[in-house]
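Q: Below is a structure I'd like to ask you about.
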Amino acid sequence: MDNSRESLDLATFAAAAAAAGGEVEWRISDSLVDYAEAIAVMEARAAAIAAGEAAELVWLLEHPPLYTSGTSGKAGDLLDPRFPLIATGRGGQVTYHGPGQRVAYVMLDLKRRRPDVRAYVAALEQWIIRTLAAFNIRGERREDRVGVWVRRPDKGDGHEDKIAAIGVRLKRWVSFHGIAINVEPDLSHFQAIVPCGVVDPRYGVTSLVDLGHPVSMADVDVALRRAFEYVFGATAARLSEPAA
Numbered sequence: 478m479d480n481s482r483e484s485l486d487l488a489t490f491a492a493a494a495a496a497a498g499g500e501v502e503w504r505i506s507d508s509l510v511d512y513a514e515a516i517a518v519m520e521a522r523a524a525a526i527a528a529g530e531a532a533e534l535v536w537l538l539e540h541p542p543l544y545t546s547g548t549s550g551k552a553g554d555l556l557d558p559r560f561p562l563i564a565t566g567r568g569g570q571v572t573y574h575g576p577g578q579r580v581a582y583v584m585l586d587l588k589r590r591r592p593d594v595r596a597y598v599a600a601l602e603q604w605i606i607r608t609l610a611a612f613n614i615r616g617e618r619r620e621d622r623v624g625v626w627v628r629r630p631d632k633g634d635g636h637e638d639k640i641a642a643i644g645v646r647l648k649r650w651v652s653f654h655g656i657a658i659n660v661e662p663d664l665s666h667f668q669a670i671v672p673c674g675v676v677d678p679r680y681g682v683t684s685l686v687d688l689g690h691p692v693s694m695a696d697v698d699v700a701l702r703r704a705f706e707y708v709f710g711a712t713a714a715r716l717s718e719p720a721a
């Protein structure tokens, strides 16, 4: 029996949303958002979704430069404290956030859609893979490494770079935290950490621009929305702030 994330049937996520007749609120913040502020907004919104008082939400933003450590983070993962390190409740280890990286915080009611964490992570991976395909980039999942990877034969045999990270948390089956796609961040900032605990020298970090795709953040946002609707269902734009 194939138990890989690749083999999971992910149609449930969009089908459940369609059956319920709901749309996911889609929001974009144009200015940098403080990390602590984002956490507070997510906590409040997730609680409201769980209580049936708010719609599901995808919130696209960028953070000022910082490092975050998930529930599996280790003290030795921070090699150079050039930016603040913030402990957070998401899964995973240490990663970098900063300008040029599109962060998508995803607050979905998985109890209504599909209460399956593994399938949800696979759906997030599929969302990223479809987004990258819009720019002719082949993203791939790896069973032993969460996130989305691209092969780099130009760097050597077996070399791969991570282009997108995933870190999730659930409360009452409502998701928050989400994904981060490297569009055009300063990749040198990843050298100050052991990114997501990956120490194999064949595995690095890349971005769309690093791969030779000089796309804008707006271009990526359009692709993200189209791919999200394919995997998770319909969205509805909201222009007001804040997201809570």
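Just so you know, we're using this note's numbering here: the sequence shown kicks off at 478 and counts up by one. Note that beta-carbon positions come from the ideal geometry of N, C-alpha and C, so glycine has one too. Just so it is clear, the structure is predicted and the values come from calculations on it, not from any experiment.
Just verifying my parser: in three-state terms, what is the DSSP assignment at residue 654?
A: Strand, per DSSP.
Q: Terminal residues of the continuous beta strand (DSSP E) containing residue 578?
A: Note, residue 578: beta strand (DSSP E), 578 to 584.
Q: Quick check on the burial criterion: 16 or more other C-beta atoms within 10 angstroms. Buried or exposed for residue 708?
A: Buried: at least 16 other Cβ atoms inside 10 Å.
Q: So, for residue 646: in the same chain, excluding its five sequence neighbours on each side, which residues have a beta-carbon less than 6 Å away from its beta-carbon?
A: Hits under 6 Å: 566, 567, 653, 654.
Q: Going by other Cβ atoms of all chains shown within 10 Å of its Cβ, with 16 needed for buried, is residue 586 buried or exposed?
A: Label assigned to residue 586: buried.
Q: Can we say the stretch 588 to 597 touches the stretch 619 to 635, given the rule of at least three CB pairs closer than 8 Å?
A: The answer is no - the stretch 619 to 635 does not touch the stretch 588 to 597, with fewer than three Cβ pairs under 8 Å.
Q: Only counting the same chain, and skipping five residues up and downstream in sequence, which positions put a Cβ closer than 7 Å to that of residue 505?
A: So the list reads 537, 698, once near-sequence residues are dropped.
Q: Restricting to runs no shorter than 4 residues, where is the alpha helix (DSSP H) found entirely within the stretch 591 to 641?
A: Those alpha helix (DSSP H) runs which fall completely within the stretch 591 to 641 and span 4+ residues are 594 to 610.
Q: Is it a yes or a no for the stretch 555 to 566 touching the stretch 521 to 538, going by three-plus beta-carbon pairs under 8 Å?
A: The stretch 555 to 566, when compared against the stretch 521 to 538, does not touch it at the 8 Å Cβ threshold.
Q: Quick check: what's the CA-CA separation for residue 720 versus residue 713?
A: Because the pLDDT at residue 720 is just 47, under 50, the model does not fix this residue reliably, and the value given afterwards should be weighed accordingly. Rounded to the nearest angstrom, the two C-alpha atoms are 13 Å apart.
Q: By the three-class DSSP mapping on this structure, what secondary structure does residue 553 have?
A: DSSP places residue 553 in helix when its eight states are reduced to three.
Q: Could you check if residue 583 is buried or exposed, using at least 16 other CB atoms within 10 Å of its CB as the buried criterion?
A: Flag for residue 583 reads buried.
Q: How many angstroms separate the CA atom of residue 577 from the CA atom of residue 688?
A: Answer to the nearest angstrom: the Cα atoms are 14 Å apart.
Q: Mapping the DSSP letters down to three states, classify residue 531 as helix, strand or coil.
A: Coil, per DSSP.
Q: Apply the 10 Å Cβ neighbour rule to residue 579 and answer buried if 16 or more other Cβ atoms are within range, or exposed otherwise.
A: By the 10 Å Cβ count, residue 579 comes out buried.
Q: Could you name each continuous beta strand (DSSP E) segment of 3 residues or more that falls completely within the stretch 661 to 701, going from the start of the chain to the end?
A: With a minimum length of 3 residues, the continuous beta strand (DSSP E) runs that stay inside the stretch 661 to 701 are 680 to 682.
Q: Check whether the Cβ of residue 618 lies closer than 7 Å to any Cβ atom in chain D.
A: Here there is only one protein chain, and chain D is not present.
Q: Just to confirm before moving on: does the CB-CB distance between residue 682 and residue 632 stay below 7 Å?
A: Not closer than 7 Å, so no.
Q: On a CA-only basis, which of 520, 539, 540, 541 is nearest residue 531? Give me that one, please.
A: For the residues 520, 539, 540, 541, the minimum Cα distance to residue 531 belongs to 520.
Q: Among residues of its own chain, excluding the 5 on either side of residue 650, which ones have a beta-carbon nearer than 6 Å to its beta-carbon?
A: Closer than 6 Å at the Cβ level, and outside the excluded window around residue 650, lie 587, 588, 592.
Q: DSSP puts residue 563 in a beta bridge; with which residues?
A: DSSP, once it has assigned bridges, lists 545 as partnering residue 563.
Q: Can you have a look at residue 548 and say buried or exposed, based on whether 16 or more other CB atoms are within 10 angstroms of its CB?
A: Its Cβ having fewer than 16 others within 10 Å, residue 548 is exposed.
Q: When burial is assigned at 16 or more other CB atoms within 10 Å of the CB, is residue 676 buried or exposed?
A: The residue in question, residue 676, is exposed, as its Cβ has fewer than 16 Cβ neighbours within 10 Å.
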